[in-house]
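Residue numbers (our numbering), protein chains in the order written: chain A, 1 to 407; chain B, 1 to 512. C-beta: ideal position from N, C-alpha, C; glycine also. Please read these numbers as outputs of a predicted model, since none were measured by experiment.
Below, the structure is given as structure tokens:
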């Protein structure tokens with residue numbers, strides 16, 4: 001047990017959600033007779049859920065500052081619709097339409113952020129208003145009719161990476177390259193971390209634990225590289241998945257390694273103490289809300305690209321899926337607690353549940369019921385853990401320094 | 001003397017909390033139809049005693065006897081003491097702002113007719129009671145629309161509506177302006193003439209002197225003195241002596257300070273209360289601090305010390321109404337906490353748990369929280385630098401923990417305070433404002449904090465030490481300012497000061 005701890009770095013309870021996710025995948029795979037762990041299924045799973053996971057990234061930060069954003073689905077739908085409309089009616093190039101959609105997201109976020117930070121209206125109310133305004137707006141400007149989207153966007157919404165290079169690898173070489181980059185980056189990061197681990201305390205992490213950690217991660221990345229890369233010719237790790245991956249890395253760094261990220265946690269943990277430590281609370285509120293709607297616009301664009309048309313009902317109840325992902329990932333309703341990586345795991349749990357139940361032939365009605373129970377169970381488990389005075393953050397994928405050192 | 005002339009006798013009251021004996025053999029006898037004042041320093045046990053009396057601490061959790069109107073009382077809760085005729089008006093008002101005066105007065109005591117509230121009757125009675133306290137306003141007005149002074153009167157009216165025999169007022173004037181305070185004292189005299197006994201907890205000696213018939217002084221959980229007086233002829237010096245008569249042991253490390261030039265100057269600083277319009281919490285405060293000097297600020301709770309400091313620290317409190325700050329001779333405008341930090345000012349707040357710390361954080365992230373720029377390299381936080389800084393302060397300040405990644409809640413009060421101090425030392429300030437830095441810390445940890453303050457002063461920093469413990473100020477500071485009701489009432493070098501001089505200036509507006 002002690003050895004497992006040293007490899008994973010700290011509190012095993014954090015891995016509950018990761019273990020649950022792995023168990024879900026394996027169980028569904030067995031029940032569905034191996035249809036879960038196939039290339040095409042996982043490609044679909046990722047490109048079909050990337051937009052919700054992108055929303056969850058922003059939602060995590062909103063929830064950490066102690067607010068909530070109900071408008072994300074409407075904003076996503078609105079941004080996507082405006083993009084489709086300008087492209088169709090004014091004949092602007094597709095990239096220009098995309099920029100307009102992103103600008104709309106930023107403006108919507110500034111609108112919410114203004115009411116929250118300057119007027120002190122709770123985010124729940126502000127964004128409830130935004131939810132109605134933008135939903136109504138979509139239906140209004142589209143006259144309740146679907147609008148076809150520029151062809152080029154399809155690549156972003158459900159496209160695949162190009163095929164190139166030698167065929168003897170037996171898989172899509174772009175995916176292979178991605179996998180190799182992932183492994184190398186992980187190894188380099190681990191080695192750097194190991195080298196510097198003794199700087200402050202003089203006690204280095206055990207080398208064997210680092211090695212085991214690297215081997216485990218290599219096997220994991222390697223397996224998924226093979227899974228995504230070995231599908232039908234012309235398929236690969238999906239493009240929306242790649243966008244999600246990049247955004248996840250960026251937001252992980254923003255929340256864990258930047259001043260702004262620290263301010264987000266500080267404001268959520270204790271607003272008054274943060275203000276007395278020189279944090280500009282209003283600015284933090286504003287930027288977090290603005291960022292959320294920006295990501296909503298990105299999600300809207302991807303979704304429109306995937307479905308090749310913008311519909312008036314696009315984005316309905318996405319906010320609920322995003323919020324559920326964040327809470328399954330162990331964030332606290334009162335703010336201050338939660339991580340990007342745990343949120344992604346939480347979102348993947350939801351996605352795998354959806355996908356697995358569908359493979360089993362369970363209807364959408366029952367799927368909804370089951371998802372509801374899972375959300376309750378996950379949060380109840382978390383609250384129970386907190387009450388017994390244990391670590392509150394569950395489901396961290398990678399060991400962060402603090403837990404590692406705590407043991 | 002005949003026992004019946006006493007409305008209340010509390011005999012040998014002892015109340016213990018885990019690790020602390022808050023009250024130790026306290027006796028209090030209050031005569032019927034008098035105004036009885038209880039005074040003592042912050043934390044002397046006044047409020048605890050009143051909580052025992054009113055049943056907040058139920059019978060059985062304390063030792064001793066309470067005899068009220070000739071009968072021994074065993075209150076289990078506030079409801080029981082209220083029905084016996086004891087009402088307590090707390091420092092923080094306890095009414096519901098969104099409800100009307102009538103609704104608040106009859107809260108929990110509604111007049112019912114056929115199971116429904118009889119509004120007409122309630123309103124009529126409210127109107128009568130309000131007249132008794134000198135308020136002639138519409139009983140339908142919501143509490144939130146009243147000023148603090150009026151709210152307090154309504155609170156008293158509520159007590160009167162319950163047929164109160166003994167009214168306890170806990171620092172009733174601490175939140176009021178002068179006119180309202182005078183009004184309230186008049187009302188107390190009026191109540192007395194109508195046969196209602198009042199106990200007033202206060203540390204404003206001028207008020208005590210003006211209206212009380214008897215005084216009891218409590219110090220460190222003991223009754224120190226208790227005697228009858230003639231209202232208007234109270235010997236203030238005698239009370240002061242009794243309040244502070246504690247000996248200063250060798251609780252402060254030796255230190256020889258060598259002050260340099262004045263590096264921090266505040267002139268005519270004025271701040272208005274953000275909640276009570278027109279009430280000034282700081283009135284033309286002016287002071288200065290030299291490099292390497294420890295300057296004490298003495299004042300009782302509510303005197304405006306914290307408000308003054310937080311206002312100076314980037315206008316974090318109240319509404320700024322004028323005044324200038326000079327740092328190293330140059331006038332600066334500190335309009336946000338961030339700019340205050342940039343200009344080398346640091347403020348350690350008095351309320352560690354609510355203002356000083358993010359309790360979700362660990363030691364490592366707390367230490368660097370006030371100056372993240374210092375560990376930022378190319379836009380990213382250098383977590384290794386952060387860890388090195390945290391380890392550095394952990395060793396330097398001897399923070400007792402198994403690891404800097406432990407949450408701050410795992411630490412004892414003294415160690416938490418060290419973490420807060422680390423956080424501010426990390427910003428490398430020139431001016432360090434410490435607001436009650438040793439509150440809630442045990443004696444050993446206090447000594448370490450004192451040594452640390454000396455080190456900071458020796459390093460050439462200007463240290464401002466706000467404290468309500470006079471021995472601490474006398475033991476630590478080079479120079480002491482006294483503050484009372486928002487005004488600085490005196491400046492005195494620590495060598496010349498003693499507790500009585502300070503207490504006098506902290507409780508009486510200077511008549512110069």
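ask   = Counting contacts by CB-CB distance shorter than 8 Å, is residue 280 of chain A in contact with chain B?
value = True, the Cβ-Cβ gap to chain B drops below 8 Å.
request  = Kindly say whether residue 117 of chain A, judged by its beta-carbon, lies nearer than 8 Å to any beta-carbon of chain B.
outcome  = no
Contact under 8 Å by Cβ, residue 271 of chain B with residue 287 of chain B = no
task = Please name the residue, chosen from B:463, B:143, B:124 and B:183, that lies closest to residue 259 of chain B on a Cα-to-Cα basis.
result = When each option's Cα is compared against that of residue 259 of chain B, the closest is B:463.
request  = Could you tell me whether any Cβ in chain B is nearer than 8 Å to the Cβ of residue 336 of chain A?
outcome  = yes
query = To which residues of the same chain is residue 372 of chain B closer than 8 Å at the C-beta, ignoring the five residues directly before and after it?
reply = 381
Interface positions of the region 268-295 of chain A facing chain B (Cβ-Cβ less than 9 Å), listed along the chain = Answer set for the region 268-295 of chain A: 268, 269, 270, 272, 273, 274, 275, 276, 277, 278, 279 and 280.
task = Please compile the residues from chain A whose C-beta is within a distance smaller than 8 Å of the C-beta of residue 347 of chain B.
result = 276
task = Please state if the CB of residue 205 of chain B and the CB of residue 508 of chain B are separated by a distance shorter than 8 Å.
result = yes
ask   = With 8 Å set as the bound, which would you pick, yes or no: does the beta-carbon of residue 370 of chain B sit closer than that to a beta-carbon of chain A?
value = Yes, because at least one Cβ of chain A sits closer than 8 Å to the Cβ of residue 370 of chain B.
request  = Could you work out which residues of chain B lie near residue 196 of chain A, taking near to mean beta carbons separated by less than 8 Å?
outcome  = For residue 196 of chain A, the chain B residues whose Cβ falls inside 8 Å of its Cβ are 384, in order along the chain.
query = Just how far apart, CA to CA, sit residue 34 of chain A and residue 98 of chain A?
reply = It is roughly 39 Å from the alpha-carbon of residue 34 of chain A to the alpha-carbon of residue 98 of chain A.
query = Do we get a CB-CB distance below 8 Å when we pair residue 154 of chain A with the residues of chain B?
reply = no
inquiry  = Taking contact to mean 3 or more Cβ pairs, one atom from each stretch, closer than 8 Å, check whether the region 339-356 of chain A and the region 106-116 of chain A are in contact.
reply    = no
ask   = Cα separation between residue 382 of chain A and residue 365 of chain B?
value = 23 Å
request  = Pick helix, strand or coil for residue 168 of chain A, following the three-state DSSP scheme.
outcome  = Of the three classes helix, strand and coil, the one that applies to residue 168 of chain A here is coil, per DSSP.
ask   = Does residue 395 of chain B get closer than 8 Å to chain E when you measure Cβ to Cβ?
value = Any reference to chain E falls outside this structure, whose protein chains are A and B.
request  = Under 8 Å by Cβ, that's how I've got residue 304 of chain B and residue 485 of chain B pegged, so tell me the actual separation to the nearest angstrom.
outcome  = 7 Å
ask   = Comparing the C-beta of residue 63 of chain A with each C-beta of chain B, is any distance below 8 Å?
value = no
Complete runs of the alpha helix (DSSP H) confined to the region 65-106 of chain B [at least 4 residues] = 78-84 and 101-105
request  = Check whether the Cβ of residue 357 of chain B lies closer than 8 Å to any Cβ atom in chain A.
outcome  = yes
request  = Might you give, ordered along the chain, the residues of its own chain that have their beta carbon closer than 7 Å to the beta carbon of residue 42 of chain A, omitting 5 neighbours on each side?
outcome  = 227 and 228
task = Assign residue 247 of chain B to buried or exposed, taking buried as 16 or more other Cβ atoms, counted over all protein chains shown, within 10 Å of its Cβ.
result = Caution applies to residue 247 of chain B, whose pLDDT of 48 falls short of 50 and renders its modelled position unreliable; the value that the coordinates give is listed next. An exposed status is given to residue 247 of chain B, since fewer than 16 other beta-carbon atoms sit within 10 Å of its beta-carbon.
message = If I follow the unbroken beta strand (DSSP E) through residue 169 of chain B, where does it start and stop?
response = That run of the beta strand (DSSP E) goes 166-170.
query = If residue 64 of chain A and residue 384 of chain A are in contact, beta carbons under 8 Å, what's the gap, nearest whole angstrom?
reply = Going by Cβ atoms, the distance from residue 64 of chain A to residue 384 of chain A rounds to 21 Å, so no, they are not a contact pair.
query = Using DSSP with H/G/I as helix, E/B as strand and the rest coil, what is residue 98 of chain A?
reply = In the three-state reduction of the DSSP assignment, residue 98 of chain A falls in the helix class, which pools H, G and I.
Backbone CA spacing between residue 323 of chain A and residue 140 of chain A [nearest angstrom] = 27 Å
ask   = In chain A, what lies closer than 9 Å to residue 373 of chain B by C-beta?
value = 259
ask   = With DSSP run on the structure shown, which of helix, strand or coil describes residue 117 of chain A?
value = Three-state DSSP puts residue 117 of chain A in a helix.
request  = Taking only beta-carbon positions, decide if residue 185 of chain A is within less than 8 Å of chain B.
outcome  = no
inquiry  = Can you determine whether any heavy atom of the ligand HEM sits closer than 7 Å to the C-beta of residue 294 of chain B, and answer yes or no?
reply    = Among the components modelled here there is no ligand, and therefore nothing to report on the ligand HEM.
request  = For residue 68 of chain A, decide whether its Cβ has a neighbour in chain B, counting only Cβ atoms nearer than 8 Å.
outcome  = Judged by the 8 Å Cβ criterion, residue 68 of chain A is not in contact with chain B.
message = So that I know if they touch, is there some Cβ in chain A lying closer than 8 Å to that of residue 337 of chain B?
response = yes
task = Inspect the CB distances between the region 466-480 of chain B and the region 429-443 of chain B and report whether three or more fall short of 8 Å.
result = yes
ask   = Where do the N-terminal and C-terminal ends of the beta strand (DSSP E) with residue 434 of chain B fall, by residue?
value = 431-435
task = Please go through the same chain and pick out, in chain order, the residues whose beta-carbon is closer than 6 Å to the beta-carbon of residue 10 of chain B, but skip the five residues on each side of it.
result = 28 and 66
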